Structure formats: C-alpha cells, structure tokens
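Read through the structure below, which is laid out as structure tokens, and then see the notes.
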Amino acid sequence: MRDDPIGQNANASVDYYMLVLSWSPSFCASQREKYGNQLPSSAQYQCENNRTFGWVVHGLWPQNAKARSVADHPRFCQGDLPVLPKSIVEPYLTLSPGAKLLQGEWEKHGSCAFNSAEQYFAKEQELFNGLRLPKENLSRSELFRWMKQNNPQLKNTYLGASRNELFICYNKQWQVIDCQK
Numbered sequence: 461m462r463d464d465p466i467g468q469n470a471n472a473s474v475d476y477y478m479l480v481l482s483w484s485p486s487f488c489a490s491q492r493e494k495y496g497n498q499l500p501s502s503a504q505y506q507c508e509n510n511r512t513f514g515w516v517v518h519g520l521w522p523q524n525a526k527a528r529s530v531a532d533h534p535r536f537c538q539g540d541l542p543v544l545p546k547s548i549v550e551p552y553l554t555l556s557p558g559a560k561l562l563q564g565e566w567e568k569h570g571s572c573a574f575n576s577a578e579q580y581f582a583k584e585q586e587l588f589n590g591l592r593l594p595k596e597n598l599s600r601s602e603l604f605r606w607m608k609q610n611n612p613q614l615k616n617t618y619l620g621a622s623r624n625e626l627f628i629c630y631n632k633q634w635q636v637i638d639c640q641k
C-alpha cells in the first residue's frame, strides 16, 4: 500500500468479483521492451530463465458496482500485511507467477473479501481451473469468440479486456455475470 499512489478504500462494498487473467508472453515482451535485461524483481520469476507461461492469474478483484474509478473499488482493506510464508505462496506460483504478485494481490484485493490468503488463492485456482483457455495469442474479438465457444458458462456473457488481459466477472455466489462496460 505504501507504494500505491491510489491508496486504500476499505469502505467500498463488494458487489461482485473480477477474475483478471494475463497473457504472459505479451506481459514479458512489454517488460523486456521497457527494461531490457534489467527486469524488475516483480517480473523476474515470470519472465526469466526460459520459463514459458501462457494465461496466468493477475488477480481476483472485489468490485463495487457504483465505482467510477479504480479508487472507488475495495482496496487494501487491511492495510499493509505481513509477508506471506513460502509455504502459502509456492503452491500458486504456476497460477500467478511471482511471490511479489501473490503478496500484492492478497494485500490489495484478496484481503477485502477473504479471511485468509489460502482461501483467496484457492478461489483463484478454482475459477482458473474451471476455464478452458487458448494456447496462443488471439485478437480481442477472436479471444472472446474462442472463450465463449469453449466455455459454455461464458456463452452469453460480456467479457472485458485491456491490453494483454482478460476479465471474467462473477456474482457473490460465484456465477458468471456480465462485466461492466
């Protein structure tokens, strides 16, 4: 939280959730373009040592239906939290490749809706495992078409996207809903 320019919003209600998936090859390419061989520590696990990830979980974000900006959503509800033990982080590194990413997403988003990091990461894993994902990079329209053809639960749903990320939204009962436009 101390490095986040937007800061905390512990008072916003959680009305729905957004699962944010990232296409790792595009993320790593953008990091290399920006930083060259001096990748920031937050990108090293994901982008170095010939690791090849496809779709990964950026995070599971509690959302407020009335929000008009990022600052209006629940954020850092419990403030800065202690560093998570390796035993909690390691099982999820293939899902969200980076200890700093997992720590940051738990602090910024997960702590607003879950009682523990384990519950938060387990829900991310469950939602991710419930999806079929393409193995190649697709244009936005191709991606949406592919996702709806291969995931019946998404058939009539509005998905969101931004750059190299895909958004899938869920109500509080974990049923797929339209993401806000």
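Just add 460 to the spot in the sequence shown (first one is 1) and you have our numbering. Using N, Cα and C, we set each Cβ at its ideal position, and we do this for glycine too. These numbers come from a predicted model, not from an experiment.
PRO542 and VAL530 have their C-alpha atoms roughly 24 angstroms apart. Each of ARG600, ASN509, THR554 and TRP634 was checked against the Cα of LEU619, and the nearest Cα belongs to ARG600. When DSSP states are grouped into helix, strand and coil, ALA621 belongs to the strand group.
A contact between stretches requires three or more CB pairs, one per stretch, nearer than 8 angstroms, and the region 564-581 meets this requirement with the region 514-531. Residue range 515-523 is occupied by the beta strand (DSSP E) that includes LEU520. Taking 8 angstroms as the cut-off, the beta carbon of LEU603 is found closer than this to the beta carbon of PRO594.
Residue burial annotation: TRP634 is exposed, with fewer than 16 other C-beta atoms found within 10 angstroms of its C-beta. Taking one beta carbon from each stretch, the region 539-558 and the region 494-513 have 3 or more pairs nearer than 8 angstroms; the two touch. The beta-carbon distance between SER482 and GLU578, rounded to whole angstroms, is 22 angstroms. This is too long to meet the 8 angstroms contact definition.
A straight-line Cα-Cα distance of about 8 angstroms links HIS533 and VAL474. When DSSP states are grouped into helix, strand and coil, ARG535 belongs to the strand group. For ALA621, the closest C-alpha among the options ALA472, VAL480 and PRO485 is that of VAL480.
DSSP places SER482 outside any alpha helix (DSSP H); the residue lies instead in the beta strand (DSSP E), whose first and last residues are 476-483. DSSP, read as helix, strand or coil, puts PHE627 in strand.
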